[in-house]
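**Student:** Pasting a structure here, questions to come.
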Amino acid sequence: MASFNHANDTGSPPAAAATPTLGVGPLPLDAGEFRRQGRQVVDFIADYYDRIDEYPVRPTVAPGFLARQLPDTAPSWPEPDALASALRDVRELILPGVTHWQSPRHFAHFAATASNVGALGEALAAGLNINPFTWAASPAATELETVVTDWLGKALHLPEQLLFCGGGGGTLLGTSCEAMLCTIVAARDRKLAELRGDERMGDLVVYCSDQTHFSFKKAAHVAGIRRANCRVIPTCRESGFTLSPAALQAAVCADEAAGRVPLFLCATVGTTPTAAVDPLRELCAAVAGHGVWVHVDAAYAGAACICPEFSHIAAGAEAVDSFSTNPHKWLLANMDCCALWVRHPTALVAALGTDDDVILKDAAASAVVDYKDWQVALSRRFRALKLWLVLRCHGVEGLRGFVRAHVRMAAAFEAMVRADPRFEVPVPARFGLVCFRLRPATDAADDGTAEATTNELNRRLLEAVNATGRAYMSCAVVGGMYVLRCAIGNSLTEERHVREAWSIVQEQADAVLTPAGAGVAPAARSKGRTVEDARRMETSVHEKWSSPPRTAYHVIRSYALAF
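Right, dumping it as C-alpha cells:
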C-alpha cells in the first residue's frame with residue numbers, strides 16, 4: 001500500500017518547518033541534508049542492483065495499475081522524512097511496474113548500459129546543475145565536450161575530418177533521433193541556399209532502407225520533408241539486409257529525372273532488426289556528385305569500432321558528412337548520451353544558430369563553440385562530464401574488454417542455437433545480437449501458408465519465453481520471416497545468464513511444439529515458469545527488500561564485467 005498520502009494537507013506547514021530560512025520549509029539545498037539523503041538514495045540503488053537478478057525482467061501489471069494507487073493531487077505539505085517515505089513507494093509501487101533494463105536477463109533491446117561512474121557522473125552533473133548552452137555560460141563544460149568528443153572519436157577510429165582536430169567537430173545530444181533531425185535540418189538549409197530559395201522545399205527527397213530505424217522517418221517529417229518523398233529501399237536476405245548501392249543510385253537518378261532534389265541518405269551501421277552494416281564506401285560512391293548529405297546512424301554498433309578488429313565496419317566514413325553513435329548503448333555512459341560528429345560544423349550553425357540575444361553571447365569570445373547552435377533546444381545537459389568520467393575510469397582498453405565479452409557471449413549463444421536441429425539462424429550473429437527461430441516443419445504443405453505457420457509458431461515461442469519472467473527477448477520481421485532477437489550487452493550479464501536463457505528457450509520450444517491435447521513436454525512440465533511464477537518472484541523480492549540495507553552508501557556495487 002502506498003505511503004504517499006495527503007496527511008499533511010491541512011493548510012499549514014508542519015511544525016518542523018516553522019522557522020525556515022528561505023520561503024516555507026527547509027532550505028532546498030543544504031549540504032548536511034544532502035549528505036544524509038544522498039546516502040539513502042545510493043543505498044537504495046546499490047541494494048536494487050544487489051537484488052535485480054531476483055526480479056522478473058518484465059512486470060505483470062495492467063494499464064492504470066499505478067494511477068489507482070496514487071493520490072489524484074500532489075500534497076500541499078511534505079510528510080515527515082518525505083524522502084524515506086517516497087523511496088518506500090518506489091520500492092513497493094514503482095519497481096513492481098518497471099521493466100528492469102539493467103537485469104542480466106534483459107535481451108530484448110540493445111542495452112542501455114550502466115556503470116558506477118556513469119551513474120555517479122550523472123549525479124555529479126545534476127549536482128553542479130549548470131546549463132552550458134554557450135561557451136560563456138560555462139567555459140569548462142563546453143571545452144570538456146570538445147575534448148571528450150575528440151577522445152571518443154579517436155578511440156572509435158573515426159576519420160580525422162570528423163573531429164575538431166581535423167576541422168570537423170563533435171557534440172553530445174540525447175538520442176540518435178536528435179542527431180538525425182539536426183543533420184537533416186542542416187542539409188535542408190544548405191541545399192535550399194544552393195537553390196536560392198525555399199520554393200523547392202517540397203521537392204527535397206531523403207533515402208533509407210527498409211531496415212533503417214523508424215526514427216529517421218520521424219526526424220525527416222519534423223524537418224518538413226514530405227512523407228511521399230522518403231524513399232525506403234528494400235533489402236533482401238541474400239545481401240544480409242544491407243542497403244544496395246545500385247538500388248540507391250537508381251532511386252537518386254529517378255528522382256533527379258523527375259525534377260526532384262536528392263537531399264539526404266541515412267546509412268546504418270548495426271540495424272535494429274539484425275545489426276546489418278550498410279556498405280558506407282560504396283553508398284557514398286553511389287551518391288557522389290548528386291549533392292546528397294550522407295549521415296551514418298551507428299547508434300548501437302558504432303561502439304564496436306572501439307575494438308580494432310571491428311573498425312572496418314566504418315570503412316568509408318571519411319566520405320560521410322556526419323556520424324552518430326550512442327555511448328549509453330554499449331559504452332557504460334548511462335542514459336542519455338548520443339555523440340554526433342560533423343565534417344562541416346558551420347552547416348549546423350547556419351541552420352540552428354541564433355545570435356540575436358546579446359545576453360547569450362560573449363563578444364570577447366567570438367571564435368569559441370556555442371553548443372546551443374549545434375542542436376534544436378537552447379538549454380542542454382552537462383553530458384560531457386559523465387562520458388569523461390567513463391573514459392577516465394574504464395579506459396579505452398577496459399571498454400574494449402566490455403564489448404568483446406558480449407561478442408563472445410553472443411557467439412556462444414549462436415553456437416547453442418545451431419546445435420539444436422529444431423532451430424535455425426537466418427543471419428549470422430553480429431556483435432552482441434543473435435537472430436534465430438524455429439525451423440519450418442519438414443512436412444509443411446507447399447501451399448504458401450508454411451511461412452505464416454512458422455511465423456505464428458515463433459510468435460508463440462517468444463510469448464512463452466517472456467512469460468517466464470526469467471528472460472526477456474524481442475522479435476523482428478525481416479524478409480517475411482518472424483525471428484526472435486537475443487541482444488546481449490547489459491553490464492550485469494554473465495555467461496551463466498546466457499546459458500540459462502537458452503535453456504528457457506528450449507523448454508518453451510518443447511511446449512509450443514507439443515501437439516494440442518498431447519500434454520506438455522517433460523522439460524516444460526518440470527522447468528517451465530508461468531505468469532503466476534513471475535508474480536511470486538515479485539512478491540519474494542519485495543519481502544527481501546524489507547530487510548535493512550546491506551550496502552555502504554559511498555559505493556554502488558561493482559558490476560561483474562567480463563573483461
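Under full-length UniProt numbering, the letters of the sequence shown match residues 1 to 563, in that order.
Here a beta-carbon is modelled for each residue, glycine too, at the ideal position from N, C-alpha and C.
From a predicted model like this one, the values you see are computed outputs, not experimental measurements.
Would C475 and V483 be called neighbours here (beta carbons separated by less than 8 Å)?
**Tutor:** Contact: yes.
**Student:** How big is the Cα-Cα spacing for V61 and G97?
**Tutor:** Rounded to the nearest angstrom, the two C-alpha atoms are 6 Å apart.
**Student:** Ignore the nearest five residues each way along the sequence and tell me which others in A509's own chain have a CB closer than 7 Å to its CB.
**Tutor:** Answer for A509: R422, L438 and L461, listed in chain order.
**Student:** Just verifying my parser: in three-state terms, what is the DSSP assignment at V349?
**Tutor:** Looking at V349 - three-state DSSP - the assignment turns out to be helix.
**Student:** Which of the three DSSP states, helix, strand or coil, is assigned to R36?
**Tutor:** It is helical.
**Student:** Go ahead and label P515 buried or exposed: buried means 16 or more other beta carbons lie within 10 angstroms of its beta carbon, across all protein chains shown.
**Tutor:** P515 is exposed by the Cβ-count criterion.
**Student:** Use the C-beta contact count for V369: other C-beta atoms within 10 angstroms, 16 or more gives buried, fewer gives exposed.
**Tutor:** So V369 ends up on the buried side.
**Student:** Please name the residue or residues paired with H406 in a DSSP beta bridge.
**Tutor:** Looking at the DSSP assignment, H406 forms no beta bridge with any residue, so it has no partner.
**Student:** From this set, P26, H157, N116 and D210, which residue's C-alpha is nearest P78's C-alpha?
**Tutor:** Answer by Cα proximity: P26.
**Student:** Grab the span of the beta strand (DSSP E) containing I233 for me, first residue to last.
**Tutor:** It spans C230 to I233 - the beta strand (DSSP E) in which I233 sits, taken as one unbroken run.
**Student:** Considering only residues of the same chain and omitting the five flanking positions on each side of H295, which have a CB-CB separation below 6 Å?
**Tutor:** For H295, where only same-chain residues beyond five positions count, the Cβ hits under 6 Å are T183, C266 and S322.
**Student:** Within the continuous alpha helix (DSSP H) that includes P96, where are the two ends?
**Tutor:** It is not in any alpha helix (DSSP H) - P96 carries neither H nor E in the DSSP assignment.
**Student:** Per the contact definition of three or more C-beta pairs closer than 8 Å, is the stretch 159-166 in contact with the stretch 197-213?
**Tutor:** No: fewer than three Cβ pairs fall under 8 Å.
**Student:** Within the continuous beta strand (DSSP E) that includes P59, where are the two ends?
**Tutor:** No beta strand (DSSP E) holds P59; DSSP gives it neither H nor E.
**Student:** Once the 5 residues before and after S311 are set aside, which same chain residues still bring their CB inside 6 Å of it?
**Tutor:** So the qualifying residues of the chain are H157 and C305.
**Student:** Shortest alpha-carbon distance to N116 belongs to which of Y300, I504 and R392?
**Tutor:** For the residues Y300, I504 and R392, the minimum Cα distance to N116 belongs to R392.
**Student:** According to DSSP, is H109 helix, strand or coil?
**Tutor:** Residue state, collapsed to three classes: coil.
**Student:** Would you say the stretch 131-148 touches the stretch 80-87, given that touching needs at least three Cβ pairs under 8 Å?
**Tutor:** Contact between the stretch 131-148 and the stretch 80-87 is absent, because fewer than three Cβ pairs lie under 8 Å.
**Student:** Are there three or more Cβ pairs, one per stretch, closer than 8 Å when the stretch 277-287 is compared with the stretch 379-386?
**Tutor:** Cβ pair count under 8 Å is below three, so no.
**Student:** Helix, strand or coil: which one does DSSP assign to L152?
**Tutor:** Helix.
**Student:** Give me the Cβ distance between residue 603 and H497, rounded to the nearest whole Å; I'm assuming they're in contact under 8 Å.
**Tutor:** Because the chain in this structure spans residues 1 to 563, residue 603 falls outside the shown range and cannot be described.
**Student:** Taking R51 as the reference, give the member of Q102, Q40 and R35 with the closest Cα.
**Tutor:** When only C-alpha atoms are compared, the closest one is Q102.
**Student:** Specify the secondary structure class of L391 as computed by DSSP and reduced to three states.
**Tutor:** Correct three-state label for L391: helix.
**Student:** Can the beta-carbon of F107 be found less than 8 Å from the beta-carbon of M409?
**Tutor:** Going by C-beta atoms, F107 is not nearer than 8 Å to M409.
**Student:** Relative to the C-alpha of F413, which residue among I488, H394, G401 and T453 is closest?
**Tutor:** Checked all of I488, H394, G401 and T453; the closest Cα to F413 is I488.
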